[in-house]
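As they're listed, the protein sequences go chains A, B and C. Numbering-wise, the numbering used here comes out as the position in the first sequence, counting from 1, plus 32. Numbering-wise, the numbering used here comes out as the position in the second sequence, counting from 1, plus 32. Numbering-wise, the numbering used here comes out as the position in the third sequence, counting from 1, plus 32. No residue lacks a Cβ here, since even glycine has one placed at the ideal position from N, Cα and C.
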Amino acid sequence: MAAFVPPNERNAQSPHLPFGDYREAPLYGKDIISVSQFSREDLDYIFGVAKEMRAMVERIGTFDLLKGKILANLFYEPSTRTSSSFFSAMERLGGSVIPINEVTYSSVAKGESLPDTIRTLECYADVIVLRHPEVGSAALAAEYARKPIINGGDGIGEHPTQALLDLFTIKEELGRVDGLTVTMLGDLKYGRTVHSLARLLSLFAVQLNYISPDILRMPADLVKKLEAKGVSQKEYSTLETVLAETDVLYVTRVQKERFENLEEYEKVKGAYVITPETLKPCKDEMIVMHPLPRVGEISLEIDTDPRAAYFRQMEYGLYVRMALLAMVLGKA
Amino acid sequence: MAAFVPPNERNAQSPHLPFGDYREAPLYGKDIISVSQFSREDLDYIFGVAKEMRAMVERIGTFDLLKGKILANLFYEPSTRTSSSFFSAMERLGGSVIPINEVTYSSVAKGESLPDTIRTLECYADVIVLRHPEVGSAALAAEYARKPIINGGDGIGEHPTQALLDLFTIKEELGRVDGLTVTMLGDLKYGRTVHSLARLLSLFAVQLNYISPDILRMPADLVKKLEAKGVSQKEYSTLETVLAETDVLYVTRVQKERFENLEEYEKVKGAYVITPETLKPCKDEMIVMHPLPRVGEISLEIDTDPRAAYFRQMEYGLYVRMALLAMVLGKA
Amino acid sequence: MAAFVPPNERNAQSPHLPFGDYREAPLYGKDIISVSQFSREDLDYIFGVAKEMRAMVERIGTFDLLKGKILANLFYEPSTRTSSSFFSAMERLGGSVIPINEVTYSSVAKGESLPDTIRTLECYADVIVLRHPEVGSAALAAEYARKPIINGGDGIGEHPTQALLDLFTIKEELGRVDGLTVTMLGDLKYGRTVHSLARLLSLFAVQLNYISPDILRMPADLVKKLEAKGVSQKEYSTLETVLAETDVLYVTRVQKERFENLEEYEKVKGAYVITPETLKPCKDEMIVMHPLPRVGEISLEIDTDPRAAYFRQMEYGLYVRMALLAMVLGKA
């Protein structure tokens, strides 16, 4: 039996199919619930596979690595972006997808518990992506399931595959993560995206800057946890001071509904909109990211700026999700 | 041309693909509308194919028997369980599925008749699974369709594939059907599941016990029909007396909404909840079944009891539906 | 390199796969937004490919021309007919489909713009079919997209693939288009279907007759445009006078809601219902078409008349959409 060569040590351009045997790889048969489950080595491995996926998609579009495997896309709340991304990832790997979007009007409406729904679906599928409005639902599902569960977002809890694709975007766009200055902007209090990303970034030597309205600051307990891990963090109330040194500007939406006092909202909202003017002090090789959807917080004029990475970010998401599905399911 | 060997006479472990030619088999090109259309020989045949499907899924997951065939999953009311099960069955056979869930807001909302919708969809699909809230809708659809229609539940009418999977579960779990004592519990008045199963069981030599609140008793006309077929039936108002002799305990939900008088509901509901205590007088080799979803009528502690067959029941459903799709469509 | 042979000059019965290389064909990489983009040569080409598709489907059901390609079926309003038709077309070509129906409750509900949704989805798909309630939405999407956009209906604007399938139906059923008399009946004011078809027909030498209630007449500006192109058009208020000479009777629904005065509706509605009596003066070789769904405007007794082409029309739609997808995406 040939020795196993981890994907990141193989040449992504190598023509031979199929891939290596992922059953020896870190995630085989595992659930993906939280960013806290990943070591830096895991990330290297995942991103190595994601790079291979990218090369394969660019060369041949789709391949049959997961032929015969079925993904149940179980969405208790709609998310076109996340569900389409997993759908496409599974199809590009030759597998198929059972889309379950109307679950809320169905068995669940009749009062069925999440564990029962999961134990039913795993009779029909090989892996389940779960999007659910309640924190902890993915962990609960994983406790009962025999098949792998991938957390596609559990309320204000976690969205680990988003954080992974964000980190992969940074690595692919800028070539590294260590040594970078990442500036997070907008609603840092409720945004599970920035929380998960910050926690993943704590595995690297980065400088984190936080810029937000006072009522939407990064939660104190998260800041403390990251500090304990040795992450250098700074808080600002305006952008200008940190733009010149920023490598990654991660923009999130400031939602009107978060403000009790609308006057206060009107006062701050302008400060968090990215325009060509905003980017003037920025380096040429920095990137602007956004988890999307955006509603005005990045001006459309930025879209053609090569530093605007948010649509490419969506595409990196495809490769990361392909990598996760392949690794979790092993080779077909 | 080689003689045709029915699947149930072949070795399910035999490695050769493809399967036998189902165009000579009982259901080729037929609709599946009601349990009353099946003879005991048909059931043997279907369950023989279902066993093969199980062996194939366990060995290779998915195969290309129905490659190039398209199933339209036409659901006028949502049913995650039934639609996912057919979806997976078709995909595991290499076919593909058009999911049509939002039909109620679409052409139908514009007033289109069921026959017109069916005659449109059969231009795009090779077989149609229909779930519809009105009794008789599957038969109506079949009258107009050139392609096979499979009844996925028509109101309080029939749900033949559920009854088939229930019977297959009994046969696979206990090795036979003749000679068994089947105890049906809960809402026996409105449950199409127990009605269809009872009618199928009338083809075998079984003892049927019915246990329900007085207002939810098995309909008198059905009891008469079964009697005419020679089925031995007994009614009870409590469980205890029949547990020791029961081989199959088929539990259904007693819905609050069925009671005009809530006091009466509160009085009876406790009597129909299965707990570890309930199962104490039962044999070791009996099984507990439930069509799911359950909402409290079987305690969670039962889930780990090997006699709890309700999740395995879901899986048997996959094999039965694969068998039906393959037989109805013939070999690709 | 072998010379390219257009499909309509090839033998549709020829056994060799794969098809010709559509990357040299008229629509490769293009959007399909409006009927006005097609020349008569384009139509010949599209219909030639559609004929091949029909032959292939009849012979082998499904083939792998678009294996590895993904269609995003993006429906902002439900349309079972159009979405199922594209779904089936893509699956019969070996590709796969991401169905996105709940988009309205999702990112879009959060306020995302159509261009952002499109630029996200094109990261996951190779072609996008867009159904949207607003006129001009398909053109807007195409402006931003790198991948081909196919207009699946934009409000009261256009529905080009419906017009193409209508024209293909006429050609296949009657063997030609030039020299035919096409009588359009019903709501000619708001029906985008008849507008698009009339515009396509202006490329041929046809006689157009319009029959409608006074308040639902063909828009004057469209009549003028067609006149400028040399189309012979006549308006009538009753059917009888033109039936004998009609080759194609194109029926549309007269919706109650269009009338402010219900008495007027009651007065006219009977005049636009097709019964066996209506068809008595008609030729044997004429056809009755309808875009469906119908709600009473063609009596069910007509369904068995060989001249009733409206269900065959649905099937022609499958072949036309297969042709469009194959041509837009090129050979896999």
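Exercise for review: Identify which residue in A/Thr152, A/Lys101, A/Ala171 has its Cα closest to the Cα of B/Arg124.
Suggested key: For the set A/Thr152, A/Lys101, A/Ala171, the Cα lying nearest the Cα of B/Arg124 is the one of A/Lys101.
Check your understanding: Contact between the segment 289-306 of chain B and the segment 253-260 of chain B: three or more CB pairs below 8 angstroms?
Key -> Contact fails: fewer than three Cβ-Cβ distances are below 8 angstroms.
Review point. Can you find a C-beta in chain C that's less than 8 angstroms from the C-beta of B/Ser128?
Key: With its beta carbon less than 8 angstroms from one in chain C, B/Ser128 belongs to the interface.
Practice item. Determine the direct distance from the alpha carbon of B/Glu90 to that of B/Lys83, and round the result to whole angstroms. Key: Looking at the backbone, the Cα of B/Lys83 and that of B/Glu90 are separated by about 11 angstroms.
Practice item. State buried or exposed for C/Gln367, treating a residue as buried only when at least 16 other CB atoms are found within 10 Å of its CB. Key: Given that chain C is displayed from residue 33 to residue 364, the structure contains no residue 367 of chain C and the question cannot be resolved.
**Study point:** Contacts of C/Arg326 in chain B (Cβ-Cβ under 8 angstroms)
**Key:** Glu144, Asp148, listed in chain order.
Review point. At a Cβ cut of 9 angstroms, what residues of the segment 69-101 of chain B count as close to chain A, listed as they run along the chain?
Key: Only those residues of the segment 69-101 of chain B whose C-beta falls short of 9 angstroms from the nearest C-beta of chain A are listed: Ile92, Gly93, Thr94, Phe95.
Review point. Per DSSP, what kind of secondary structure is A/Ser128 in: helix, strand or coil?
Key: It is a strand residue.
Practice item. Identify the continuous beta strand (DSSP E) that holds C/Phe107 and give its terminal residues. Key: Here the beta strand (DSSP E) through C/Phe107 covers 102-107.
Review point. Can you list, in chain order, the residues of its chain whose CB lies under 8 angstroms from that of B/Gly211, leaving out five sequence neighbours each side?
Key: For B/Gly211, where only same-chain residues beyond five positions count, the Cβ hits under 8 angstroms are Ala237, Val238.
Review point. What residues from chain C crowd round A/Met346, counting only those whose CB sits closer than 7 angstroms?
Key: Neighbours of A/Met346 on chain C, chain order: Thr152, Cys155.
Review point. Where do the N-terminal and C-terminal ends of the alpha helix (DSSP H) with B/Met354 fall, by residue?
Key: First-last of the alpha helix (DSSP H) with B/Met354: 342-361.
Practice item. Please determine, among C/Arg231, C/Gly302, C/Asp198, the residue with the shortest C-alpha to C-alpha distance to C/Pro245. Key: Per the Cα distances, C/Gly302.
Check your understanding: A/Asp186 and A/Gly168: beta carbons closer than 8 angstroms?
Key -> Yes, Cβ-Cβ distance for A/Asp186 and A/Gly168 is below 8 angstroms.
Point to revise | Of the listed residues B/Lys261, B/Phe200, B/Arg224, nearest to B/Glu166 (C-alpha basis) | key: Cα-wise, what sits closest to B/Glu166 is B/Arg224.
**Study point:** Three or more C-beta pairs below 8 angstroms linking the segment 304-315 of chain A and the segment 324-337 of chain A
**Key:** With the cut-off at 8 angstroms, the segment 304-315 of chain A and the segment 324-337 of chain A touch.
Review point. How is B/Tyr137 classed by DSSP in three states: helix, strand or coil?
Key: Per-residue confidence for B/Tyr137 stands at a pLDDT of 49, beneath the threshold of 50, marking its modelled position as unreliable; no derived number is given.
Review point. By how many angstroms is the C-alpha of C/Leu220 removed from the C-alpha of C/His227?
Key: Separation of C/His227 and C/Leu220 (C-alpha to C-alpha, rounded to the nearest whole angstrom) is 8 angstroms.
Check your understanding: Any C-beta of chain B sitting closer than 8 angstroms to the C-beta of C/Tyr137?
Key -> Low confidence applies to C/Tyr137: its pLDDT is 49, below 50, so where it sits in the model is not reliable enough to give any reading.
Practice item. Have a look at the DSSP bridge pairing and note the partners of A/Arg163. Key: Under DSSP, A/Arg163 forms a beta bridge with A/Phe107.
Practice item. List the residues of chain C that A/Phe343 touches, going by C-beta distances under 8 angstroms, in chain order. Key: At a beta-carbon threshold of 8 angstroms, the residues of chain C lying near A/Phe343 are Arg151, Thr152, Cys155, ordered along the chain.
Review point. What residues in the segment 103-118 of chain C bring their beta carbon closer than 7 angstroms to a beta carbon of chain B?
Key: If the cut-off is 7 angstroms between Cβ atoms, the segment 103-118 of chain C has Pro110, Ser111, Thr112, Arg113, Ser116, Ser117 near chain B.
Practice item. Consult DSSP for B/Asp63 and reduce its assignment to one of helix, strand or coil. Key: B/Asp63 falls in the coil class under three-state DSSP.
Check your understanding: Closest Cβ-Cβ distance between C/Leu125 and chain B: below 8 angstroms?
Key -> No, its Cβ sits nowhere closer than 8 angstroms to a Cβ of chain B.
Point to revise | Sequence-distant residues of its chain with Cβ nearer than 8 angstroms to A/Asn241 (five each side left out) | key: Shown here for A/Asn241: same chain residues with a beta carbon closer than 8 angstroms to its own, the five before and five after excluded, namely Thr213, Val214, Thr215, Met216, Gln265, Lys266, Glu267, Tyr268, Val274, Thr278 in chain order.
**Study point:** A/Thr225: first and last residue of the uninterrupted alpha helix (DSSP H) it sits in
**Key:** It spans 224-233 - the alpha helix (DSSP H) in which A/Thr225 sits, taken as one unbroken run.
Review point. Does the Cβ of C/Asp63 have 16 or more other Cβ atoms within 10 Å, making it buried, or fewer, making it exposed?
Key: So C/Asp63 counts as buried.
Exercise for review: Decide if the segment 70-87 of chain C is in contact with the segment 345-360 of chain C; the criterion is three or more beta carbon pairs, one per stretch, under 8 angstroms apart.
Suggested key: Output reads yes: the segment 345-360 of chain C touches the segment 70-87 of chain C.
Check your understanding: By DSSP, does A/Tyr156 sit in helix, in strand, or in coil?
Key -> Coil at A/Tyr156, not helix or strand.
Practice item. Please list the partners that B/Pro131 has in chain C, where partner means a Cβ-to-Cβ separation under 8 angstroms. Key: Correct list: Pro131.
Review point. Going by the beta-carbon positions, is the gap between C/Leu162 and B/Thr152 smaller than 8 angstroms?
Key: Going by C-beta atoms, C/Leu162 is not nearer than 8 angstroms to B/Thr152.
Check your understanding: Residues of chain A with CB under 7 angstroms from B/Ser120, in chain order?
Key -> Contact of B/Ser120 with chain A by beta-carbon distance below 7 angstroms involves Ile102, Ile130, Tyr156, Ala157.
Review point. Does any residue of chain B bring its CB to less than 8 angstroms from the CB of C/Leu311?
Key: By this cut-off, C/Leu311 is not an interface position.
Point to revise | C/Met216: first and last residue of the uninterrupted beta strand (DSSP E) it sits in | key: C/Met216 -> beta strand (DSSP E) spans 213-217.
Review point. Going by DSSP, what residues sit across from C/Asp186 in a beta bridge?
Key: Beta-bridge pairing links C/Asp186 to C/His164.
Check your understanding: With respect to the alpha helix (DSSP H) encompassing C/Ile306, which residues constitute its N-terminal and C-terminal limits?
Key -> Counting along the chain, C/Ile306 falls outside any alpha helix (DSSP H), and DSSP gives it neither H nor E.
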